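Take a look at the structure set out below.
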Amino acid sequence: MAAHPQLNRHGELRHLLSIEGLPRDVLLHIMDTAQGFMSFGEREVKKVPLLRGKSVFNLFFENSTRTRTTFEIAAQRLSADVFNLDIQRSSTSKGESLLDTIANLEAMDADIFVVRHGQSGAPFLIASHTPEHVHVVNAGDGRHAHPTQGLLDMMTIRHYKRDFHALTVAIVGDIVHSRVARSDIHALTTLGVPEVRAVGPKTLVPGDLRDMGVRVCHDIEEGLRDADVVIALRLQNERMAGGLLPSASEFHMMYGLTPERLRLAREDAIVMHPGPINRGVELDSAVADGPQSVILPQVRFGIAVRMAVLSIVANTSA
Amino acid sequence: MAAHPQLNRHGELRHLLSIEGLPRDVLLHIMDTAQGFMSFGEREVKKVPLLRGKSVFNLFFENSTRTRTTFEIAAQRLSADVFNLDIQRSSTSKGESLLDTIANLEAMDADIFVVRHGQSGAPFLIASHTPEHVHVVNAGDGRHAHPTQGLLDMMTIRHYKRDFHALTVAIVGDIVHSRVARSDIHALTTLGVPEVRAVGPKTLVPGDLRDMGVRVCHDIEEGLRDADVVIALRLQNERMAGGLLPSASEFHMMYGLTPERLRLAREDAIVMHPGPINRGVELDSAVADGPQSVILPQVRFGIAVRMAVLSIVANTSA
Amino acid sequence: MAAHPQLNRHGELRHLLSIEGLPRDVLLHIMDTAQGFMSFGEREVKKVPLLRGKSVFNLFFENSTRTRTTFEIAAQRLSADVFNLDIQRSSTSKGESLLDTIANLEAMDADIFVVRHGQSGAPFLIASHTPEHVHVVNAGDGRHAHPTQGLLDMMTIRHYKRDFHALTVAIVGDIVHSRVARSDIHALTTLGVPEVRAVGPKTLVPGDLRDMGVRVCHDIEEGLRDADVVIALRLQNERMAGGLLPSASEFHMMYGLTPERLRLAREDAIVMHPGPINRGVELDSAVADGPQSVILPQVRFGIAVRMAVLSIVANTSA
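Residue numbers (the working numbering), protein chains in the order written: chain A, 13 to 330; chain B, 13 to 330; chain C, 13 to 330.
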């Protein structure tokens with residue numbers, strides 16, 4: 013595996029594994045391609061034959077009906093054949109190794125693997141063992157990366173803010189466990205956003221996040237002040253059990269995005285969230301459903317981004 | 013939501029939520045459209061491009077492999093893209109609200125939601141929150157309605173009896189908990205059937221069912237005498253546990269449809285059942301497999317009715 | 013059901029239920045048809061319209077994600093509509109009989125049933141109750157048969173060895189419980205292989221297997237000596253619990269295929285395995301990944317064989 017496991021020797025995208033390491037022009041190419049798919053949902057016939065006769069395998073080792081569905085929709089609209097493997101019930105549960113499973117599916121003439129895995133790095137491992145004509149798209153691995161979410165977030169920001177070069181973006185919540193936050197931070201930095209803030213308690217936003225080039229804010233008011241973009245993260249209930257936080261209501265009291273707090277941000281600030289929302293925890297309903305919320309447009313950009321990624325990698329030679 | 017949440021201002025079907033409230037001509041239009049699809053199964057290529065490029069989402073909050081499959085077949089034969097959401101494993105299990113789930117799927121450019129839900133009224137709630145271009149089809153909600161089952165039952169009756177205006181129809185079994193019975197009663201009444209009988213014990217066929225315009229019969233012989241159509245309902249084992257009935261064998265002894273009892277009905281009476289059958293409980297095998305049984309034709313009408321409903325609502329503007 | 017329940021009166025394949033009873037020319041016809049599909053995976057568009065508009069139902073009463081997926085891929089590449097029934101959650105779990113389930117699906121205009129069932133003979137029972145235009149393909153029934161696995165194994169052997177008439181084939185492992193072994197033995201015998209060996213301990217390879225025309229070898233060295241083809245079977249962990257074998261490590265010690273043991277076979281011997289592999293139990297990794305292993309080509313032949321079987325039966329009249 014070379015220094016750029018995602019790119020071929022012409023610098024083109026073969027796999028999408030992580031935002032980290034992707035040059036600015038590759039990010040922009042994906043976003044521009046996705047933009048071309050944005051009017052797609054309004055068409056009478058929502059299909060193009062770009063991936064006709066290609067086989068896309070959804071390999072979700074970690075369950076996520078929503079993300080799986082978005083990839084399935086994207087692949088179907090490109091006219092691919094999509095196969096959802098019920099991994100929990102498959103041969104891996106009979107003790108078969110991950111790489112044996114992959115080798116078997118490759119022998120069935122897979123073209124693209126869309127991989128969600130609880131272990132960070134699993135999609136890299138798969139990509140490093142696939143032949144030239146097979147492509148891997150990371151749909152979320154451990155705490156590491158969720159690159160299509162990062163890209164759809166950038167699409168959303170560009171749509172509403174046009175330019176990245178004068179923005180202040182505040183990411184609020186459980187940064188340390190969030191692959192979404194990690195992918196967003198890499199994307200925002202690469203695209204030239206001058207101030208990215210990581211906002212939350214010390215347990216969820218440790219000081220060493222500064223190494224990623226972000227400003228760490230434990231105070232919510234400092235974090236939100238004059239922000240152009242506020243990205244609220246989902247508070248994972250699983251974390252609560254780990255003792256990192258006393259309760260959802262305490263989190264809401266200290267860091268929940270209320271209409272009052274949102275007034276600290278710029279008047280034209282947009283509010284984003286990767287979903288699903290915990291209403292009344294990280295986000296008040298008045299904010300989630302308010303005029304600054306662009307949460308549902310994010311979903312729409314997500315389909316377009318996934319169509320773009322699938323069609324780009326499928327047409328990139330080794 | 014207007015007085016007719018299912019119809020647009022031209023009286024055309026936008027959603028199919030319930031038979032109740034649908035005018036006779038709308039029922040007949042669905043049945044006539046379905047009739048056109050009836051020869052479909054015999055074709056070499058069982059596909060028409062009526063819904064090509066449309067996205068149909070099967071949202072089964074209550075599990076029903078059979079009903080889900082019939083809608084999936086109907087949608088595929090209309091060339092739609094069909095997405096089966098595994099709701100039990102999806103975001104709703106992460107605490108997301110029903111309406112947030114729906115809003116997210118709408119943002120993915122859904123065209124039609126096919127909804128099965130344990131709560132009566134859920135499809136109405138969804139329909140009242142969807143934008144103009146999205147259509148909702150009720151695939152069974154609580155004890156309330158199962159309109160496509162009602163429509164396929166009417167198709168079946170019309171096929172074998174031609175005219176509704178001189179019929180006696182006996183519905184036998186657990187009427188009070190049955191959304192099938194409720195939909196059938198509304199449809200039969202609307203189509204002009206002069207005598208609809210609700211037949212069963214007082215616990216399952218209470219007297220106030222008379223308000224729906226049916227004749228209540230606690231005596232099976234009275235219920236079956238001279239009937240043109242006998243609809244046996246599935247005895248839900250869950251009900252038994254609730255103490256409403258002592259046992260399946262006692263139900264069979266008192267209300268089970270045996271060849272002897274069937275002789276009380278008219279000689280050319282047909283026997284229907286929504287499936288799956290409890291052989292030896294509500295229906296003897298000799299009846300289920302006998303010459304008067306039209307249970308398998310019902311299944312065939314069911315595919316045609318679902319094709320008709322999907323194609324009609326998809327082409328109805330707001 | 014006639015003496016040849018799988019063949020029509022012209023000797024053509026209507027159902028594929030078992031290798032046993034199939035004449036040599038039928039086996040060769042399937043293999044030759046499959047050969048025509050072998051270059052298919054390399055095409056830009058991996059689809060042919062041979063089954064366009066046909067409905068293929070995957071009925072897996074026993075879970076097998078891998079085999080189900082291979083049939084789904086094969087059917088999709090033939091442009092069929094494929095419906096995967098979640099049998100565990102379906103009406104059969106509500107007490108409906110197998111034949112009622114089948115009758116219902118037939119009424120939905122099924123063309124082909126692909127059946128996996130824990131009970132030997134279930135696909136025969138289904139085939140004997142289907143109308144003329146419906147076809148049944150056995151995807152594994154109990155200990156009885158797994159005919160598409162047998163056929164893909166024959167494709168693999170023919171590809172590497174060209175001719176069956178001078179071969180020695182050793183099948184190693186749990187022969188008595190293996191439907192794969194049973195199908196392979198019938199196919200090898202029919203195709204004229206002069207020596208088929210069943211190799212393993214007495215508990216798994218009883219002497220009465222000789223009735224099938226095989227040479228029984230309890231000694232691994234005798235079993236492997238000068239073999240042209242070695243088929244290692246998966247040691248099912250379930251069997252271990254039954255006390256038929258003390259442990260996986262003991263099996264490996266006595267019958268596991270190591271590089272040393274493999275040297276007893278002919279220098280150009282090929283090693284096969286139906287998958288999924290238990291590395292370090294029936295097969296060392298050095299053998300599984302070694303130059304003589306043709307395990308992944310087997311998977312590729314498997315897709316082609318399933319495409320061949322589906323397209324042949326779909327076009328065979330009664």
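C-beta atoms are modelled at their ideal positions from N, C-alpha and C, and glycine is treated no differently.
Every value quoted in this text rests on a predicted model; they were computed, and no experiment measured them.
6 Å CB neighbourhood of residue i in its chain, flanking five on each side removed
i, result
"Ala-316/A", "Ala-46, Phe-49, Met-50"
"Pro-135/C", "Leu-29, Val-127, Val-148, Asn-150, Asp-153"
"Glu-176/B", "For the sequence presented, residue 176/B should be read as Phe rather than Glu. Excluding sequence neighbours, Phe-176/B sits near Leu-203, Gly-204, Val-205."
"Ala-239/C", "Thr-180, Ala-182, Ala-277, Ala-281"
"Glu-144/B", "Ala-330"
"Leu-200/B", "Val-181, Val-208"
"Phe-313/C", "Leu-164, Met-167, Thr-168"
C-beta neighbour in chain F for residue i, strict 9 Å
i, result
"Asp-112/B", "The structure shown contains no chain F; its protein chains are A, B and C."
Chain-ordered chain A contacts of residue i [CB-CB under 8 Å]
i, result
"Phe-115/B", "First, the residue type needs correcting, since residue 115/B is Ala and not Phe in the sequence shown. Simply Leu-308."
Assumed close pair residue i, residue j - CB separation to whole angstroms, cut-off 8 Å
i, j, result
"Leu-322/A", "Leu-90/A", "6 Å"
"Val-241/A", "Val-228/A", "Their Cβ separation, rounded to whole angstroms, is 17 Å, which puts Val-241/A and Val-228/A out of contact at 8 Å."
"Ser-67/B", "Lys-58/A", "7 Å"
"Ile-289/B", "Glu-108/C", "7 Å"
"Ala-139/A", "His-22/A", "Rounded, the Cβ-Cβ distance is 17 Å, inconsistent with contact."
Residues of its chain near residue i, where Cβ-Cβ distance is below 7 Å and the 5 sequence neighbours each way are ignored
i, result
"His-16/C", "Gly-33"
"Val-293/C", "Leu-247, Ala-260, Phe-263, His-264, Gly-268"
"Gln-88/A", "Val-94"
"Gln-161/B", "Val-192, Ser-195, Pro-286"
"Glu-118/C", "Thr-142, Pro-143, Val-146"
"Ala-14/A", "Because Ala-14/A sits at a pLDDT of 48, beneath the cut-off of 50, its placement in the model cannot be relied upon, and the point is left open."
"Gly-133/A", "Asp-153, His-156"
Neighbour flag for residue i against chain A, beta carbons, 9 Å
i, result
"Val-192/C", "no"
"Glu-108/B", "yes"
"Leu-97/B", "yes"
"Leu-93/B", "Note on identity: in this sequence residue 93/B is Asp, with Leu being the wrong assignment. Yes - at least one Cβ of chain A is within 9 Å of the one on Asp-93/B."
"Val-57/C", "yes"
Neighbour list for residue i in chain B, Cβ cutoff strictly below 9 Å
i, result
"Ala-87/C", "What Ala-87/C touches in chain B: nothing, since even the nearest Cβ is about 12 Å away."
Test: residue i CB closer than 9 Å to a CB of chain C
i, result
"Met-13/A", "Caution applies to Met-13/A, whose pLDDT of 40 falls short of 50 and renders its modelled position unreliable; the value that the coordinates give is listed next. No - not a single Cβ of chain C is within 9 Å of the one on Met-13/A."
"Ala-119/A", "yes"
"Gly-287/B", "yes"
"Val-217/B", "no"
"Ala-140/A", "With the sequence shown as reference, residue 140/A is identified as Ser, and Ala is not the correct amino acid for it. Not closer than 9 Å to any Cβ of chain C, the Cβ of Ser-140/A fails to qualify, so no."
"Ile-315/B", "yes"
"Arg-78/B", "yes"
"Val-299/B", "no"
"Val-283/B", "no"
"Val-242/B", "no"
"Lys-214/B", "no"
Any C-beta of chain B under 9 Å from that of residue i
i, result
"Phe-52/A", "yes"
"Glu-74/C", "no"
"Arg-128/A", "no"
"Glu-207/A", "no"
Chain-order list of residues whose beta-carbon lies under 8 Å from that of residue i (same chain, five-residue window excluded)
i, result
"Arg-291/A", "Ser-297, Ala-300"
"Met-266/A", "Pro-213, Ile-232"
"Arg-78/A", "Gly-287, Pro-288"
"Val-184/B", "Val-211, Gly-212, Ile-232, Gly-235, Leu-236, Val-242, Ile-243, Ala-244, Leu-245, Tyr-267, Leu-269, Glu-294"
Neighbouring residues, chain B, relative to residue i (Cβ below 7 Å)
i, result
"Ala-151/C", "Ordered by position in chain B, no residue passes the 7 Å Cβ test against Ala-151/C, which lies about 19 Å from the chain."
"Thr-82/A", "Met-120"
"Phe-125/C", "Going along chain B, no residue has its Cβ under 7 Å from Phe-125/C, so there is no contact; the nearest lies around 13 Å."
Chain A residues whose Cβ lies nearer than 9 Å to that of residue i
i, result
"Ser-329/B", "In chain order: nothing, as chain A lies at least about 13 Å away."
"Lys-66/C", "Going along chain A, no residue has its Cβ under 9 Å from Lys-66/C, so there is no contact; the nearest lies around 16 Å."
"Leu-274/B", "Per Cβ cutoff of 9 Å: no residues; Leu-274/B is ~44 Å from chain A at best."
Contact set between residue i and chain B, taken where Cβ atoms lie within less than 8 Å
i, result
"Asp-37/C", "Within chain B, no residue comes near Asp-37/C; the closest Cβ sits about 28 Å away, beyond 8 Å."
"Arg-170/A", "Those do not exist, as Arg-170/A stays about 18 Å from chain B at its closest Cβ, beyond 8 Å."
Under 8 Å by beta carbon: chain C residues contacting residue i
i, result
"Arg-155/B", "Ordered by position in chain C, no residue passes the 8 Å Cβ test against Arg-155/B, which lies about 18 Å from the chain."
When the Cβ atoms of the region 104-124 of chain C are set against those of the region 55-72 of chain C, are three or more pairs found closer than 8 Å?
yes
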